[in-house]
Each structure stands twice: as structure tokens, then as C-alpha cells.
Amino acid sequence: MASPTVIITALFVSVFAAVHLNVHRLRFLDVKPRSAWLSFSGGVAVAYIFLHVLPDLGAHQKTFAAELKLSSTLAESLVYSLTLIGLVCFYGLERMVKISRSRSRAKGHGDRIEDHLEWVHAGSYAVLNLLVGYLLLHREETGPWSLGLYFVAMALHFLTSDYGMRIDHPEAYEKRGRWVLAASVLIGWVLGLVVDLPPVGIGFLFAFLAGGIILNTLKEELPEDRSSRFWPFLGGALIYSLIMLGERTIG
-10 MASPTVIITA LFVSVFAAVH LNVHRLRFLD VKPRSAWLSF SGGVAVAYIF
40 LHVLPDLGAH QKTFAAELKL SSTLAESLVY SLTLIGLVCF YGLERMVKIS
90 RSRSRAKGHG DRIEDHLEWV HAGSYAVLNL LVGYLLLHRE ETGPWSLGLY
140 FVAMALHFLT SDYGMRIDHP EAYEKRGRWV LAASVLIGWV LGLVVDLPPV
190 GIGFLFAFLA GGIILNTLKE ELPEDRSSRF WPFLGGALIY SLIMLGERTI
240 G
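Each residue of the sequence shown is one higher than the one before, counting from -10 in the working numbering.
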């Protein structure tokens, strides 16, 4: 019989997949200026980064120091270097996409990315999704509250990032991208059931994932052409921060 954790995470990963497959059906998001729900979701994701992801990196630093026999300073540098690598990789990818779209417009092919980059773009986000699915079952901080907070933050992160991909690449996302993303998060969860990485391996994955989430969250909220809304963003950040601080106070 499956454990309660397996059952609950199966439901959560199903919701993740449903978000990927059905963002295009959420017509209330298609408004100008930017939907308050998207900016609220961005605020939640930023709060999660600063109050959960970054502190967890500190916990992984201790794991690196113990398992790899490193000094605390070197372990700290390693874990944050991995986070920086994750951020830089996804930033480089976004720059490649923008340049590709510019080339396509210059050639008279419309505002689209070149075919070979479409799969690179989708593949990179699929890797990120694999990590999110895997970490449903293998996070540093355990317990129902931690799992619930992770689920809410990642579901809202997918909402904003998928909406951005749909706006940037409507045809490719509708036909192929959403299916790739939904499948990848499910595969990541399945891998979590059958593959048990050592603590150092999980630390490497988490640190890289943190960099990707930081870049993707800020990418969706900061650019002027996104027409983000400050008060919903602030509300999301404050509400989620209070929930997380309350959870840690009670715990």
C-alpha cells in the first residue's frame, strides 16, 4: 500500500501537470495591464525564494561541508556557485531566445524562435520540471507544512512561467511545449520514487534549481513589457511570508 506521502505528492504532481496543460484555458489571465493573479503569484514565488530556498541553501552548505570534507567557507562558495550556474544557464538561454526571435523577424519569418532553439528552450524547462517533481519527495526540510508550502509556491511559479512562455511562443507552446512540461514534472516525481540520491546529490540539484527559479521569477515580473502590478505582487509576498514565518514559529 502506498504511503500517505506518496499519495499526497501524487495529487500535487497531478496538479502541476494540470497547470501546464490548462494555462491557456485561464482566460481571466489575458488582461491588460498584467493580471493581478500573475503578479500575486510572482510575489509568492519571490517570498518563497528569500524565506525558504535561500535558507535551505545554508542547510545544504552544511551537508557539503560534512560529506565532501570541505571547510564551511568553501562549502558555502560551492553551494552558491551552483545556484549562480543555474541562474546564468537560464539567463543565457533567454538571451539566445531573444536573439533568435530578432533574427526571425529580420528574415521576415515573424516573431518566433528558430526551430532548433524551440527544443532547446523546452528541454531546459523540462529539466527544471524534472527537478521540481523529484524534490517533491526529496527535500531538505520535511513535514506536511513544508510540503504544502513547496506545492503552493511551485504551482504558482508554473502559472506565471507557463503564461509567459505561452505569450512568447503561442503556437509552439500550445502544440508541444505544454505536453513536454507536464510529462517532465510527472517523470521527475516517478524518478523520486525509484531513485534515492545521496544528500550531496540532492544538494547539487536543489542549488541549481534555486538559480533557475530565481531567474525565471524575476524574468516574469521585472521587464517593463510585462506590465506587472506592484500591489498584488507585494500582497503575494507579504501573505506568503507571514504564512511561512507562522509555520516556522509554530514548528
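All residues carry an ideal CB built from backbone N, CA and C; glycine is no exception.
When the options are compared against residue i, the one with the closest alpha-carbon
i       : options                          : result
Met233  : Gly137, Phe147, Gly31, Ala55     : Gly137
Ser3    : Trp168, Leu227, Ala199, Leu194   : Trp168
Thr206  : Leu148, Leu106, Ser70, Phe1      : Leu148
Tyr152  : Ala(-1), Ile(-3), Pro(-7), Arg14 : Arg14
His110  : Leu63, Phe79, Gly47              : Phe79
Phe5    : Val121, Tyr69, Val(-5), Leu59    : Val121
Val(-5) : Ala115, Tyr123, Glu160           : Tyr123
Pro188  : His158, Ala48, Ile228            : Ala48
Thr(-2) : Asn11, Leu198, Gly132, Glu65     : Gly132
Trp108  : Ser89, Ala25, Gly97              : Ser89
Ala199  : Leu71, Ile156, Asn11, Pro159     : Leu71
Ile156  : Phe1, Val12, Ser(-8)             : Val12
Val116  : Ser24, Phe1, Leu194, Leu10       : Leu194
Distance between beta carbons of residue j and residue i, contact taken as under 8 Å
i      : j      : result
Leu67  : Phe53  : 6 Å
Gly201 : Gly112 : Actually they are not in contact, since the Cβ atoms of Gly201 and Gly112 sit about 13 Å apart, beyond 8 Å.
Trp134 : Glu56  : Incorrect: roughly 27 Å between the Cβ atoms, too far for contact.
Leu46  : Tyr69  : 7 Å
Gly192 : Leu125 : Going by Cβ atoms, the distance from Gly192 to Leu125 rounds to 17 Å, so no, they are not a contact pair.
Val33  : Ala226 : 7 Å
Other residues of its chain near residue i: CB distance less than 8 Å, five sequence neighbours each side excluded
i      : result
Asp185 : His127
Val8   : Ala144, Phe147, Leu148, Asp151
Leu59  : Phe53, Leu67
Contacts around residue i, its chain only, beta-carbon distance under 7 Å, and the 5 residues preceding and following it disregarded
i      : result
Asn118 : Leu170, Ser173, Val174, Gly177
Ser230 : Ala36, Leu40
Met154 : Tyr162, Gly166
Residues near residue i by beta carbon distance below 6 Å, same chain, minus five either side
i       : result
Val77   : none
Ser(-8) : none
Ala64   : Gln50, Phe53, Ala54
Tell me, please, whether the region 85 to 97 touches the region 135 to 147 by the rule of three or more beta-carbon pairs shorter than 8 Å.
no
When the Cβ atoms of the region 34 to 44 are set against those of the region 160 to 171, are three or more pairs found closer than 8 Å?
no
Counting Cβ pairs closer than 8 Å, one from the region 221 to 228 and one from the region 22 to 31, do we hit at least three?
yes
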